[in-house]
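Laid out in C-alpha coordinates, this is it:
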(Lines of atoms letter the chains of each structure in order from A and count residues from 1; the text may use other names and numbers.)
(Lines give C-alpha, C1' and ligand atoms only; values in the text may rest on other atoms or scores of the structure.)
Protein backbone atom coordinates (compact mmCIF):
# COMPACT_ATOMS: atom_id res chain seq x y z
CA UNK A 1 0.00 0.00 0.00
CA UNK A 2 1.40 3.39 -0.95
CA UNK A 3 1.28 6.38 1.34
CA UNK A 4 -1.21 8.16 -0.91
CA UNK A 5 -3.62 5.24 -0.50
CA UNK A 6 -4.01 6.33 3.11
CA UNK A 7 -5.28 9.75 2.08
CA UNK A 8 -8.20 11.01 0.06
CA UNK A 9 -8.22 12.09 -3.58
CA UNK A 10 -7.69 15.67 -2.39
CA UNK A 11 -4.21 14.65 -1.26
CA UNK A 12 -3.42 13.22 -4.69
CA UNK A 13 -4.83 16.32 -6.40
CA UNK A 14 -2.64 18.57 -4.24
CA UNK A 15 0.37 16.50 -5.28
CA UNK A 16 -0.63 16.86 -8.92
CA UNK A 17 -1.10 20.60 -8.43
CA UNK A 18 2.34 20.87 -6.84
CA UNK A 19 3.91 18.82 -9.61
CA UNK A 20 2.20 20.86 -12.33
CA UNK A 21 3.47 24.08 -10.69
CA UNK A 22 7.01 22.76 -10.88
CA UNK A 23 6.49 21.70 -14.51
CA UNK A 24 5.36 25.27 -15.26
CA UNK A 25 8.58 26.60 -13.75
CA UNK A 26 10.60 24.11 -15.80
CA UNK A 27 8.79 25.13 -18.99
CA UNK A 28 9.04 28.88 -18.29
CA UNK A 29 12.08 29.21 -20.54
CA UNK A 30 10.46 27.15 -23.31
CA UNK A 31 12.19 23.82 -22.75
CA UNK A 32 12.96 21.31 -20.04
CA UNK A 33 16.70 20.84 -19.57
CA UNK A 34 18.16 17.39 -18.79
CA UNK A 35 18.74 18.51 -15.17
CA UNK A 36 15.14 19.66 -14.86
CA UNK A 37 13.92 16.40 -16.40
CA UNK A 38 15.94 14.42 -13.88
CA UNK A 39 14.50 16.50 -11.03
CA UNK A 40 10.95 16.07 -12.38
CA UNK A 41 11.44 12.31 -12.65
CA UNK A 42 12.55 12.07 -9.00
CA UNK A 43 9.81 14.37 -7.80
CA UNK A 44 7.15 12.41 -9.71
CA UNK A 45 8.19 9.28 -7.82
CA UNK A 46 8.19 11.13 -4.48
CA UNK A 47 4.71 12.57 -5.16
CA UNK A 48 3.46 9.26 -6.60
CA UNK A 49 2.63 10.74 -9.97
CA UNK A 50 1.96 7.92 -12.44
CA UNK A 51 3.53 7.90 -15.88
CA UNK A 52 0.16 8.69 -17.46
CA UNK A 53 -0.37 11.62 -15.05
CA UNK A 54 3.21 12.77 -15.69
CA UNK A 55 2.62 12.90 -19.45
CA UNK A 56 -0.79 14.55 -19.01
CA UNK A 57 0.72 17.27 -16.81
CA UNK A 58 3.57 17.84 -19.26
CA UNK A 59 1.00 18.35 -22.03
CA UNK A 60 -1.20 20.68 -20.00
CA UNK A 61 0.45 21.92 -16.78
CA UNK A 62 -2.32 24.49 -16.24
CA UNK A 63 -4.92 21.76 -15.69
CA UNK A 64 -4.22 21.51 -11.96
CA UNK A 65 -4.39 24.56 -9.68
CA UNK A 66 -1.79 25.39 -7.07
CA UNK A 67 -3.38 24.35 -3.78
CA UNK A 68 -1.49 25.86 -0.87
CA UNK A 69 -0.97 23.54 2.08
CA UNK A 70 -2.39 24.64 5.41
CA UNK A 71 0.81 24.09 7.37
CA UNK A 72 3.60 26.63 6.97
CA UNK A 73 6.27 23.91 6.94
CA UNK A 74 4.55 22.21 4.00
CA UNK A 75 4.46 25.54 2.15
CA UNK A 76 8.18 25.85 2.74
CA UNK A 77 8.70 22.33 1.35
CA UNK A 78 6.88 23.30 -1.83
CA UNK A 79 8.83 26.55 -2.07
CA UNK A 80 12.03 24.51 -1.67
CA UNK A 81 11.06 22.25 -4.57
CA UNK A 82 10.12 25.22 -6.76
CA UNK A 83 13.30 27.14 -5.92
CA UNK A 84 15.41 24.08 -6.71
CA UNK A 85 13.69 23.76 -10.07
CA UNK A 86 14.29 27.40 -10.93
CA UNK A 87 17.92 27.08 -9.85
CA UNK A 88 18.72 23.84 -11.71
CA UNK A 89 19.06 25.56 -15.06
CA UNK A 90 22.86 25.88 -14.77
CA UNK A 91 22.62 28.53 -12.05
CA UNK A 92 21.29 31.04 -14.58
CA UNK A 93 17.97 32.51 -13.66
CA UNK A 94 16.10 34.69 -16.03
CA UNK A 95 13.83 37.41 -14.71
CA UNK A 96 10.91 35.42 -16.12
CA UNK A 97 11.73 32.43 -13.90
CA UNK A 98 12.21 34.67 -10.85
CA UNK A 99 8.83 36.30 -11.50
CA UNK A 100 7.20 32.90 -11.94
CA UNK A 101 8.66 31.70 -8.65
CA UNK A 102 7.36 34.87 -6.99
CA UNK A 103 3.88 34.24 -8.37
CA UNK A 104 3.94 30.66 -7.12
CA UNK A 105 5.13 31.82 -3.69
CA UNK A 106 2.12 34.13 -3.58
CA UNK A 107 -0.13 31.24 -4.66
CA UNK A 108 1.33 29.16 -1.83
CA UNK A 109 0.13 31.77 0.63
CA UNK A 110 3.21 33.88 1.29
CA UNK A 111 2.29 37.54 1.71
CA UNK A 112 2.85 40.15 -0.98
CA UNK A 113 4.59 42.45 1.49
CA UNK A 114 7.56 40.14 1.96
CA UNK A 115 7.39 37.69 -0.96
CA UNK A 116 10.45 39.14 -2.71
CA UNK A 117 12.49 38.78 0.47
CA UNK A 118 11.25 35.19 0.88
CA UNK A 119 12.04 34.26 -2.73
CA UNK A 120 15.50 35.85 -2.57
CA UNK A 121 16.28 34.02 0.69
CA UNK A 122 15.01 30.74 -0.75
CA UNK A 123 17.21 31.10 -3.81
CA UNK A 124 20.28 31.95 -1.71
CA UNK A 125 19.73 28.84 0.39
CA UNK A 126 19.30 26.67 -2.70
CA UNK A 127 22.49 28.22 -4.11
CA UNK A 128 24.24 27.02 -0.95
CA UNK A 129 22.89 23.52 -1.71
CA UNK A 130 21.20 23.13 1.67
CA UNK A 131 18.94 20.18 2.41
CA UNK A 132 15.23 20.51 3.11
CA UNK A 133 15.64 20.53 6.89
CA UNK A 134 18.20 23.33 6.80
CA UNK A 135 16.11 25.24 4.29
CA UNK A 136 13.02 24.98 6.49
CA UNK A 137 14.90 26.00 9.62
CA UNK A 138 16.58 28.99 7.95
CA UNK A 139 13.34 30.17 6.36
CA UNK A 140 11.51 29.95 9.67
CA UNK A 141 14.27 31.90 11.43
CA UNK A 142 15.26 34.37 8.72
CA UNK A 143 14.20 37.43 10.72
CA UNK A 144 16.64 36.82 13.57
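Numbering (UniProt numbering), first residue to last: 1 to 144.
No residue lacks a Cβ here, since even glycine has one placed at the ideal position from N, Cα and C.
Practice item. Pull up the distance between the alpha-carbon of residue 142 and that of residue 117, whole angstroms please. Key: Taking the first residue of the chain shown as 1, we reach residue 142 at position 142. Taking the first residue of the chain shown as 1, we reach residue 117 at position 117. Approximately 10 Å between the Cα atoms of the pair.
**Study point:** 6 Å Cβ shell around residue 16 - same chain, five flanking residues per side excluded
**Key:** Position 16 of the chain shown, counting from 1, holds the residue named residue 16. Excluding residues within five positions, the ones whose Cβ falls inside 6 Å are 64.
Review point. Where does residue 30 fall in DSSP's three states?
Key: In the chain shown, counting from the first residue as 1, residue 30 sits at position 30. Note: residue 30 maps to coil in three-state DSSP.
Point to revise | Close beta carbons around residue 147, own chain, < 6 Å, minus the five adjacent residues each side | key: With the chain covering only 1 through 144, there is no way to say anything about residue 147.
Exercise for review: May I ask you to check if the CB of residue 55 is nearer than 7 Å to at least one heavy atom of the ligand GDP?
Suggested key: Annotation note on the ligand GDP: not contained in the displayed structure, which lists no ligands.
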